[in-house]
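K.L.:
Note that the protein sequences, when read in sequence, are chains W and L.
Position 218 (the first sequence) corresponds to 218 in the numbering used here; numbering is contiguous.
The numbering used here runs 1000 ahead of the 1-based position in the second sequence.
Every residue, glycine too, gets a C-beta built ideally from N, C-alpha and C.
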Amino acid sequence: MYSLQLSPEQLEIRDTVRDFVTREIKPAALKAERLDIADRSLLLAQIDAASQLGLRTLALSEDHGGAGADALTACIVTEELAAGDADIAAVLSETSRLSHLLIDLTMNDAQRDAFLPKLLNGDRYHLAFAGHEIGSDLRLGVHYHRAPAAEAVVKTTATKTGGDYIINGVKDCVANAPLAGLFAVLVRIPGRAEPAVLLVPADAPGVSVKAHENAWPHGAYGSVTFKDCRVPAANLLGDDAVALLTGTSEAGRGNPIYQALNLGIGRAAYEAGLDYAHIRVQGGRPLIEHQAIGTKLAETIIKLEVARNAVWQAAWASDHPEAVADRSLSDLPLTTIAQVFVSEAVMKAAKDAAEIFGAMGVMRDMPLQKYIHDARVCLHANDGNSDAKLRIAEAIAGYRRAATSAMALAGE
Amino acid sequence: MDFTLSNEQRDWQMKARKFADDEIRPISLARDAIRTARETWDWDVIKKGSKLGFRTMAVPKEWGGHGTDFVTQALVMAELAKADSAMSKAFSQNWKWSHLISQVCTEEQKKRFLPGFLADDGWVLGKGITEPSAGSDNRMPIEDPKSGIKLRAERKGDEWILNGEKAFIANAPIGKLFFIDARTDSTVAPKQGTTLFLVPSDTPGFRIGKVFNKSGWRFYQNGEMIFENARVPHANVVGEIGGASKKTGGAGGDTTGGDLFGDLELASNALGICDDACETALRYAKSATQGGEPLFAQQNVQLQINRMFMLTEALRSFVMRVAWEHDMKIHSARAGLAMNYSCDVVNEVAELYMEVRGAEGCRMDHHADKLIRDAFIWNHLAGDSVSRMKIARRLTVGH
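This is the structure:
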């Protein structure tokens, strides 16, 4: 039954994380030098502290030592973290997401024995999926409502030599690369039609990571070069790993974790605007008592409340496929719908909140310009909203893409 | 209706376009990327532009300036802003206050300050109004004597002693001469108790504090002004004691050159950003490809570009009409409406430009990011609710 009644556990974890963000993240994130968007250095001590709360392995099953959080819980946590710092939220949610996908869903027992202890024992052991390569362009765009789909470029090769694979290639724009202890690497194996995923420890010989300075998306990004990198053949993941990791799997409707992050940015902007509207006196009374400002804040909270409903509904659908099956929820791409609505709502919220601050709203040592930048990053994430609308349009048009993998190979 | 430009107007436009192409655009992104706010300014480009007349073009001919009309000024601001909005503003800020000098200063004051301003390529002007606790209160003043400007000026013989501070003041860190609004009577409403002073940068007791680190308009310098027993001669009082608002509109009147120009200035400058965004977006959409086709082949991209150009051309019509009306001495709330409208247009056009470009991998184009940050400056200067209500109130008084 579709219900957004949160469980006692969900309420408790929200309070815990909100308190953690207030005490540990905000004091560091709101420092003037950190608010300059030219300085995107990660708050590592805070990420480590969040790991100790279990947030790095939030989605990992309890059987494997994680918190076993479902999509809704992960969204609640991510919104709270992002209200403090979007980069922290991005790093933790990526490792958490991958811990579930890799450890719970794709690794075999031997692989789990090899990598799970490292994940559980290292607060700074993060996970990364090295999929993207320069030249890959997965936008729908001109492919709208016609075949073929865009194809990912996978030029990185893994050549079997005895009991090992030798990997050569370069991955670009890899989330969590600078922090990763373990990479799941999308590779082409000569002689095989479909790509595959290999587990590569960051300290394997032949792996080098170069962090992208001031990458556009939130979190930590980098390029990863594999030069005659040798890993045991036992590190090959099963065939379903590709679809799970690249998001082309039919299973699940997508997890709106990134939209929850986006929402957290909007909430931070709104709360800053609301606080300031209470203290700042112009025209003889606090700003909030002026009709124009009161209305602006009302419009903002309307958008944020509806945005949260969109995120939670998509999360619920992800957690409860039966709610879609029995027609409690629509079978539309709810995460993509949330992406468009939330990103536009938060963009407007951030700009309106900044306006309340007057000139302070554009100062680099003040939070509002940072929230605007953060909101804009989300607005142009995931190939942007024009592309998202095309994906929704294909869904409502009933256009069915061929079931073959979108990961056809290039370079052969 | 005749939209033809005169030869003189066309010459200024072409001269501005060439200067923008040759000197401004090549350094724009590098200046924007400098992280320390105090270091973004470049005297070289200012002095080169000054030699071509872009610093002094609003000074009347009888004082040795170029005496350009408002249409010319609007054209030049848009051309310069098309290469860098903040650099355009750095030039036009001087026009704003040279308008004020020629309109409200005495002959004696003009003689003391205008020749120096005209002769020195490194002489820029500013005006200090805003204070940490007086922003909106200056633009929409209320009767409460405790509201508004706190900077005090007290008469001592032939001098006035100024104490207090100003914030966010344009050109403060590099200016040579400033108009300063100060309270000369704190027992009456700010509108009646504020006096305008001319304050040279070397005034004893006057200094510049921090330089504000803005997200947009990074080239343009905004600073703190600190007055600690600053001594200003009585001869530097502009107009009457308590008459600042009548002279400049700084405290609410809207009757003089300074404000007329200010509305047109922001609208014209926005037009330059829009022209830059439109042209670059179109060029990009024709050259960049997706799935083997030019981006421009896509309906959504055509619609985005259509909207960018449509809004920009509507803004151009509005800007040129207002400029022409100013030259015809037809003054109305339309100038303010054009300024408010420019805020909506410049934001939407810059956002659309970024949408056309999109992120490539995990990088966003610096130029698109800069235009969008520059455009957001309008939201607190030209399009916030105070500036819109202020214009609405002008409509009620019929001018």
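#1: Taking the alpha helix (DSSP H) that L:K1061 belongs to, which residues open and close that run?
#2: Grab the span of the alpha helix (DSSP H) containing W:S61 for me, first residue to last.
#3: Which residue wins for smallest C-alpha separation from L:A1230, given the options L:R1152, L:Q1304, L:N1306, L:D1374?
#4: Applying a beta-carbon distance threshold of less than 8 Å, which residues of chain L neighbour W:G384?
#5: Can you tell me whether L:T1004 is helix, strand or coil according to DSSP?
#6: I need the boundaries of the beta strand (DSSP E) containing L:M1225, first residue and last residue.
#7: What residues are listed by DSSP as bridge partners for W:T157?
#8: Look up L:E1131 in the DSSP assignment and give the residues it is bridged to.
#9: Taking buried to mean at least 16 other C-beta atoms within 10 Å of its own C-beta, is W:A74 buried or exposed?
#10: With 8 Å as the threshold, decide whether the Cβ of L:N1171 is near any Cβ in chain W.
#11: Against L:A1244, what residues of chain W qualify as contacts under a CB-to-CB distance less than 8 Å, listed in chain order?
#12: Can you pull the chain L residues whose beta carbon is under 8 Å from the beta carbon of W:V340, in chain order?
#13: For L:M1225 and L:G1128, which I take to be in contact (beta-carbon distance under 8 Å), what is that distance rounded to the nearest angstrom?
#14: State buried or exposed for L:P1026, treating a residue as buried only when at least 16 other CB atoms are found within 10 Å of its CB.
#15: Under 8 Å: do the segment 230-249 of chain W and the segment 161-172 of chain W share three or more Cβ pairs, one atom per stretch?
#16: With a threshold of 8 Å between beta carbons, is W:H218 in contact with chain L?
#17: Considering just the uninterrupted stretch of the alpha helix (DSSP H) at W:L101, what are its terminal residues?
#18: Under 8 Å by Cβ, that's how I've got W:L127 and W:L81 pegged, so tell me the actual separation to the nearest angstrom.
#19: Beta strand (DSSP E) containing W:K210: first to last residue?
#20: Grab me the residues of L:E1165's own chain with a C-beta within less than 8 Å of its C-beta, minus the 5 sequence neighbours each way, in chain order.
#21: Residues of chain L with CB closer than 8 Å to the CB of W:M363, please, in chain order.
#22: May I have the straight-line CA-CA distance separating L:L1114 from W:R267, to the nearest angstrom?
#23: Answer with buried or exposed for W:S7, where buried requires no fewer than 16 other C-beta atoms within 10 angstroms of its C-beta.
#24: Helix, strand or coil for L:I1241, going by three-state DSSP, please let me know.
#25: When you compare the segment 336-343 of chain W with the segment 289-297 of chain W, are there three or more beta-carbon pairs, one atom per stretch, that lie closer than 8 Å?
#26: How many angstroms separate the CA atom of L:G1253 from the CA atom of L:G1262?
#27: So what's W:A180 in DSSP terms, helix, strand or just coil?
#28: Beta carbon of W:L244, beta carbon of W:T106: below 8 Å?
#29: Going by the DSSP bridge assignment, what does L:N1163 pair with across the sheet?
#30: Contact criterion: CB-CB distance below 8 Å. Does L:R1035 meet it with respect to chain W?
#31: Does the beta-carbon of W:H278 have 16 or more other beta-carbons within 10 angstroms, so that it is buried, or is it exposed?
#32: Would W:D275 pass as an interface residue toward chain L - the criterion being a Cβ-Cβ separation below 8 Å?
#33: Taking CB distances under 8 Å as the criterion, tell me whether W:Y221 reaches chain L.
#34: When you compare only the Cα positions, how much space is there between L:T1255 and L:G1049?
#35: Tell whether a beta-carbon distance below 8 Å holds between W:T300 and W:Y270.
#36: Based on Cα-Cα distance, which residue from L:K1089, L:L1075, L:A1074, L:A1033 lies nearest to L:R1213?
P.N.:
Inspection of the coordinates gives the following:
#1: Segment: none, L:K1061 is in no alpha helix (DSSP H) and carries neither H nor E.
#2: First-last for W:S61: undefined, no H or E at that position.
#3: L:R1152
#4: E1355, G1358, A1359
#5: coil
#6: 1222-1233
#7: W:N168, W:R188
#8: L:A1134
#9: buried
#10: no
#11: Under the 8 Å cutoff, chain W gives no residues; its nearest Cβ is about 19 Å from L:A1244.
#12: The premise fails here: W:V340 is roughly 12 Å from chain L at the closest Cβ pair, so nothing lies under 8 Å.
#13: 5 Å
#14: exposed
#15: yes
#16: no
#17: Counting along the chain, W:L101 falls outside any alpha helix (DSSP H), and DSSP gives it neither H nor E.
#18: W:L127 to W:L81, Cβ: 17 Å. No contact.
#19: 207-211
#20: E1131, P1132, L1151, G1209, E1224, M1225, I1226, F1227
#21: F1212, N1213, K1214, S1215
#22: 51 Å
#23: exposed
#24: coil
#25: no
#26: For L:G1253, the pLDDT reaches just 37, beneath the cut-off of 50, and the residue's location in the model is therefore unreliable, although a value from the coordinates is still provided. Their Cα atoms are separated by approximately 13 Å.
#27: strand
#28: yes
#29: L:R1152
#30: yes
#31: exposed
#32: no
#33: yes
#34: Because the pLDDT of L:T1255 is 48, which lies under 50, any placement of that residue in the model is unreliable, and the number read from its coordinates should be weighed accordingly. One C-alpha to the other measures close to 30 Å.
#35: yes
#36: Rather than Arg, the amino acid found at residue 1213 of chain L in this sequence is Asn. It is L:A1033.
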